[in-house]
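Visitor: Residues in the sequence shown are numbered from 1 upward in steps of one, following full-length UniProt numbering.
Cβ atoms here follow ideal geometry from the backbone N, Cα and C, with glycine treated the same way.
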Amino acid sequence: MTNIYKSVLLIDDNEADQLIARKLMQVTGFAKDICIKNTKQSALDYLTNARNHLSEVPDVIFLDINRPAIDGLSFLHAYDAMPADFKKKCKLVVLSSTDNRHDIKEVYGYSSIEAVLPKPLTTDSIMQLTH
Numbered sequence: 001m002t003n004i005y006k007s008v009l010l011i012d013d014n015e016a017d018q019l020i021a022r023k024l025m026q027v028t029g030f031a032k033d034i035c036i037k038n039t040k041q042s043a044l045d046y047l048t049n050a051r052n053h054l055s056e057v058p059d060v061i062f063l064d065i066n067r068p069a070i071d072g073l074s075f076l077h078a079y080d081a082m083p084a085d086f087k088k089k090c091k092l093v094v095l096s097s098t099d100n101r102h103d104i105k106e107v108y109g110y111s112s113i114e115a116v117l118p119k120p121l122t123t124d125s126i127m128q129l130t131h
């Protein structure tokens with residue numbers, strides 16, 4: 001099976017959602033390598049390292065915005081401060097367990113966000129990112 005993307009970074013502290021996302025990406029061939037980080041800091045450390053080794057830059061970053069251990073808005077703020085050429089290499093996708101736009105209105109202020117998708121991920125939702 002040919003993979004659509006080389007690598008994906010999933011930032012989520014819920015193990016069940018991690019398992020669903022990983023399995024879905026493997027079955028659909030969405031990504032060859034799937035890296036999972038449980039906290040904002042571990043994700044930022046990973047991305048800082050990737051900036052120094054461009055072959056490790058993920059093609060897609062999935063960020064669960066509503067998790068207490070991650071603090072998604074704080075991650076977005078830090079990500080937004082990263083160099084523009086680095087951010088151009090990644091699609092940043094926010095995941096939300098609510099579809100109430102009012103609950104996640106703050107994320108729409110970040111220009112680097114490519115999409116906001118509901119959780120849990122589905123085949124249809126991730127395949128939207130391939131078009």
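1. Relative to the C-alpha of A16, which candidate in I36, V27 and V8 has its C-alpha closest?
2. With respect to the beta strand (DSSP E) encompassing F62, which residues constitute its N-terminal and C-terminal limits?
3. In terms of residues, what are the limits of the alpha helix (DSSP H) holding S42?
4. What do you reckon, are the CB atoms on E114 and L92 nearer than 8 Å?
5. Can you tell me the Cα-Cα spacing of K119 and S97, whole angstroms?
6. Return the Cβ separation of A50 and V57 in integer angstroms, given the expectation that the two are a contact with Cβ distance under 8 Å.
7. Assign V8 to buried or exposed, taking buried as 16 or more other Cβ atoms, counted over all protein chains shown, within 10 Å of its Cβ.
Guide: To lay it out plainly:
1. For the purposes of this step, residue 16 is taken as the residue at position 16 of the sequence shown. Selected option, being the one with the closest Cα: I36.
2. Start at 1 with the first residue of the sequence shown, and residue 62 comes out as number 62. That run of the beta strand (DSSP E) goes V60 to D64.
3. Counting from one through the sequence shown, the residue named residue 42 turns up at place 42. Counting along the chain, the alpha helix (DSSP H) containing S42 begins and ends at K40 to N52.
4. Taking the sequence shown and counting its residues from 1, the one referred to as residue 114 is at position 114. Taking the sequence shown and counting its residues from 1, the one referred to as residue 92 is at position 92. Going by C-beta atoms, E114 is nearer than 8 Å to L92.
5. Here residue 119 corresponds to residue number 119 of the sequence shown, with the count starting at 1. Here residue 97 corresponds to residue number 97 of the sequence shown, with the count starting at 1. Each residue's Cα considered, the two are about 5 Å apart.
6. Mapped onto the sequence shown, residue 50 falls at position 50. Mapped onto the sequence shown, residue 57 falls at position 57. With 8 Å as the limit, A50 and V57 qualify as a contact, their Cβ atoms being about 5 Å apart.
7. Along the sequence shown, read from residue 1 onward, the residue named residue 8 stands at position 8. Around the Cβ of V8, a 10 Å sphere holds 16 or more other Cβ atoms; the residue is buried.
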